[in-house]
Structure formats: C-alpha cells, structure tokens
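Number of protein chains: 2
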Amino acid sequence: MDDESQIPPGDTALRLRKTALELFARHGYAAVSMRQIAGEVGVQVGALYNHISDKQALLYRLMAEHMVELLQAVAAADLPKEPLAALEGFTRFHIRHHAARPEAVFISYMELRNLSPENFALLEEQRQAYEARLRQILERGQAEGVMQIADARIATRAVIAMLTGITTWFRDGGGQSLAEVEEIYWEMVRRLVTR
Amino acid sequence: MDDESQIPPGDTALRLRKTALELFARHGYAAVSMRQIAGEVGVQVGALYNHISDKQALLYRLMAEHMVELLQAVAAADLPKEPLAALEGFTRFHIRHHAARPEAVFISYMELRNLSPENFALLEEQRQAYEARLRQILERGQAEGVMQIADARIATRAVIAMLTGITTWFRDGGGQSLAEVEEIYWEMVRRLVTR
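Chains as they are written, first to last, in full-length UniProt numbering: chain A, 1 to 195; chain B, 1 to 195.
Structural data, given as structure tokens:
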C-alpha cells in the first residue's frame, strides 16, 4: 500500500501529499517546514507552491481529503436498512477503513489544534456528517425497538472512540488478524446498544 | 485548578513543568524550544538547566509524572473486590481522573513518537501496569462467571479508548454534567462485558 514505486516520479502533487502526511505524522505539523517537504519530494521549494498556497492549506487539504474519502467510502459501503445489520456494517467498515490509514487517523486527531479557525470549522462539519451516519442508525434502532440507548449522541462518540482506538495498537501479523479483531469488536458494539 | 496564583513565583521547577505542558499541548513538542519555555516561565534559559537536563528529559518527566499520578490514584481509589463493583469503580475513576487533565492526556498520546526508545520503553511499562488493573478485573469477572468476555486484553483496550475519548469532547457547562456522562458510560461498559 505504501509502495513508493507505484507513484510515477512526475506526479509531484501526489508525492507532495504522501510526503507531507508522513513528515507531519512523524514530527508534527509545527516542526516540519515546506523546505523539508520539498527536500524529501526531491524538488525545489518553489515548485511546491505550484501545487499548494502554503503549509496551512496543505494540512487542511490532507485532513479534508481524509474526511471526504471516509464519507465517500461509508456511502459506498451501502449499509443495510435494518438497524442492527446497519450497525454491524458500520462497525466493520470503520475498523477496516481506519486500520488501513493509521497516519491519517493520527494527524486528523492530533493536528486539529493547528488548523485555522475557518479550516477547523469546515473540517468539524465533515466530522459531524460522519458521526451523523452512526447516530442515525442508533436512533432508528431505538425508534424500532431493537436498540436500547440512553443517549444516541454519546453512544455514537463512545463507539467511534472505541473502534478508532484499534489503530493505536493493531499491527498486521501481531497475533490476531484484523478479521478476528473485527468479530470481537462487533460483539462488544452489539452488546453496548442492546439490553 | 489551573489558578496560577496558587504557585509561588519562586517555585521554578513547578512553573517549568506547568508551562512546558501547556506549550507542548498547544504547539507540539518538536515546535517548542527551551528558550521559549524559559521566556514563558520568566527566567533565563540557563536557569532551566538547574532543573532538567534537556527537552527530552522534560517531556519524559511530564509523561512519566502523569502515569505515576494515575497509578497512585487508581491504587488510592481502593476498588472493591467484587468484579462488577470493581469495574464500576474503575470506570468512574478513569473518567474523572482523565476529564480533569485533558492536556496531559493529549500529550501522553500524541508525543509518544518523540520519546527516546529508552524513555518510550519505560513509559510503556507504566501504561501496561495501568491496563493490567482493568484487565485483571475483567479476568476475575470472567473466572467468577459474572462477566462474559471474548478477549480480556482487547476488551481492556476498548474500554480505555472509549472512556479516554470523553476528554476530546467533554467541557464543563456544555450540556450534560460529568456525573451524568459517568452514568451513561458505566451502563455502556457494564453491557459490554455482560451478556
């Protein structure tokens, strides 16, 4: 997945985003300069400004792309109507999508403080749109009597925090497979919303 | 709790740690210099080195203190023997302890990558000692037949991620009280470990 050879050397825009993501994840946004990114990409710093206006725009773009990709992927997952089946589908989708992108997940949480207020507000809207997908499943489950939830908004945050936490410890080949981990988490999520 | 006036101006060591915690949380470890910390504390940079050998030692000290404080506090919480009561006690303890320290929680997660390998290993031991407190409660609950858990190690991580997630959104005076939030989470945790 991270095979650099798959990126044509001429595709500076893509190399720029990939390099920036890695450097921000490793050193933090504030500690990385455009010059350093240019050096890793293998271009002059001036060439970066053909692709992006400044470092803030680059950070926002990485975080916004992560959210757009997430929103498109969850829509494409085409979750079933039945609330418990939809919750199972959401749980499995969320685990797989995030486990494949630990750097983007890390940055999306960690670098929120470095976004300008305008960019933060834009991103917060996208994050809430994603949360709403899960919350609506829980509210439907509640309305149809197949789930018992004290507070759908809080249960949504609890489930997302629990599932996203997997990215902090799961490593391929480290004991359990992701499929096994998925089964265990789905059972926990199911219990969490049913009596 | 954050009332600066409570710290005697002469207590440079304490001011140093408090200032470093705030600056690291706001800008990130890599972006903050010892000179900047000295400026905020209101001393010459040389004076900092009477208290700490370098910035790495300062980061480790902040993170290690957070863990020592956590381990002492959970020991002092004197959790009951009965597994479900112990789990309830642990849940309420974890929520309250972390909700009161969002900056230390943020840094403890975010700046792991900036620790030297030796310091990382030391901290990881402390983190595992804390996780073990919860895992042992779950294993006892399992053994006594009052909990049904597929994987105690994974359930431990799931519960901790879920509860620590509260620090990313909970703000005093923002709708629910922490006591209300605590009730809702305890009900979710209880369900998660029982059939």
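Quick reminder that beta carbons are idealized off the backbone N, C-alpha and C, glycines included.
All values derive from a computational prediction rather than experimental measurement.
Query, Result
"Close-in-space but distant-in-sequence residues of the same chain around arginine 135 of chain B (CB under 7 Å, 5 per side omitted)", "Ala152, Arg153 and Thr156"
"Contacts of tryptophan 186 of chain B in chain A (Cβ-Cβ under 8 Å)", "What tryptophan 186 of chain B touches in chain A: nothing, since even the nearest Cβ is about 10 Å away."
"Buried versus exposed, by CB contacts within 10 Å (16 or more), valine 68 of chain A", "exposed"
"Coarse secondary structure for methionine 63 of chain A, derived from DSSP in three states", "helix"
"Residues within the segment 89 to 122 of chain B neighbouring chain C, beta-carbon criterion of under 7 Å", "Within the model displayed, chain C is absent; protein chains A and B are what it includes."
"Contact residues within the segment 130 to 151 of chain A, judged by C-beta distance below 7 Å to chain B", "Ala150 and Asp151"
"Contact set for glutamate 111 of chain B: own chain, Cβ-Cβ below 8 Å, skip 5 residues either direction", "Phe24, Gly28, Tyr29, Leu59 and Met63"
"Within-7 Å CB hit, glycine 175 of chain A to chain B", "no"
"Chain A contacts made by the UniProt domain \"HTH tetR-type\" (10 to 70) of chain B, where a contact means CB separation under 9 Å", "Ala25, Arg26, His27, Gly28, Tyr29, Ala30, Ala31 and Val32"
"Selection from B:Asn50, B:Leu21, B:Tyr185 and B:His51 that minimises the alpha carbon distance to histidine 94 of chain B", "B:Tyr185"
"Chain A within 7 Å of alanine 158 of chain B, Cβ atoms only", "yes"
"Valine 146 of chain B beta carbon less than 7 Å from that of proline 102 of chain B", "no"
"Closest by C-alpha distance to glutamine 176 of chain B, when choosing among A:Leu192, A:Ala179, A:Thr164 and A:Ala150", "A:Ala150"
"Expected contact under 8 Å - CB spacing of valine 159 of chain B and phenylalanine 170 of chain B to nearest Å", "With a Cβ gap of about 17 Å, valine 159 of chain B and phenylalanine 170 of chain B do not count as contacting."
"Under 7 Å between C-beta atoms of histidine 66 of chain B and serine 108 of chain B", "yes"
"CB contact below 7 Å: arginine 191 of chain B versus chain A", "yes"
"Inter-residue spacing [alpha-carbon to alpha-carbon] between valine 74 of chain A and glutamate 131 of chain A", "11 Å"
"Where alanine 104 of chain A falls, given that 16 or more other Cβ within 10 Å makes a residue buried", "buried"
"Residues near threonine 194 of chain A in its chain [Cβ-Cβ closer than 7 Å; skip 5 each side]", "Met147 and Gln148"
"Simplified DSSP assignment, three categories, for aspartate 3 of chain B", "Note that aspartate 3 of chain B scores 47 on pLDDT, short of 50, meaning its location in the model is unreliable; the coordinates nonetheless yield the value given after this. Note: aspartate 3 of chain B maps to coil in three-state DSSP."
"Cα-Cα separation, threonine 91 of chain B to valine 189 of chain B", "8 Å"
"CB contact check: alanine 179 of chain A to chain B, cutoff 7 Å", "no"
"Residue nearest to leucine 70 of chain B in terms of C-alpha spacing, selected from B:Gly39, B:Glu139 and B:Ala129", "B:Ala129"
"Contact set between alanine 161 of chain A and chain B, taken where Cβ atoms lie within less than 7 Å", "Ala161, Met162 and Gly165"
"Rounded straight-line distance, which links the Cα of alanine 121 of chain B to that of methionine 1 of chain A", "The pLDDT assigned to methionine 1 of chain A is 43, lower than 50, so where the model puts this residue is not dependable; a value taken from the coordinates is nonetheless given after this. Roughly 29 Å separates the two Cα atoms."
"Terminal residues of the alpha helix (DSSP H) in which phenylalanine 90 of chain A lies", "83 to 99"
"Supposed close pair alanine 99 of chain A, glycine 89 of chain A - CB separation, criterion 8 Å", "At roughly 16 Å, the Cβ-Cβ gap does not stay under 8 Å, so alanine 99 of chain A and glycine 89 of chain A are not in contact."
"Leucine 163 of chain B versus tyrosine 49 of chain A - alpha carbon distance", "42 Å"
"Per-residue DSSP class, three states only, for glutamate 111 of chain A", "coil"
"Whole runs of the beta strand (DSSP E) within the segment 122 to 150 of chain B, excluding any shorter than 3 residues", "none"
"Extent of the continuous alpha helix (DSSP H) run through arginine 191 of chain B", "178 to 193"
"Option nearest leucine 14 of chain A by Cα separation, candidates A:Arg61, A:Glu187, A:Ile137 and A:Glu124", "A:Arg61"
"First through last residue of the alpha helix (DSSP H) which encompasses histidine 27 of chain B", "12 to 27"
"Same chain, Cβ closer than 7 Å to arginine 127 of chain A, five either side skipped, listed in chain order", "Met67"
"Leucine 79 of chain A - DSSP class collapsed to helix/strand/coil", "coil"
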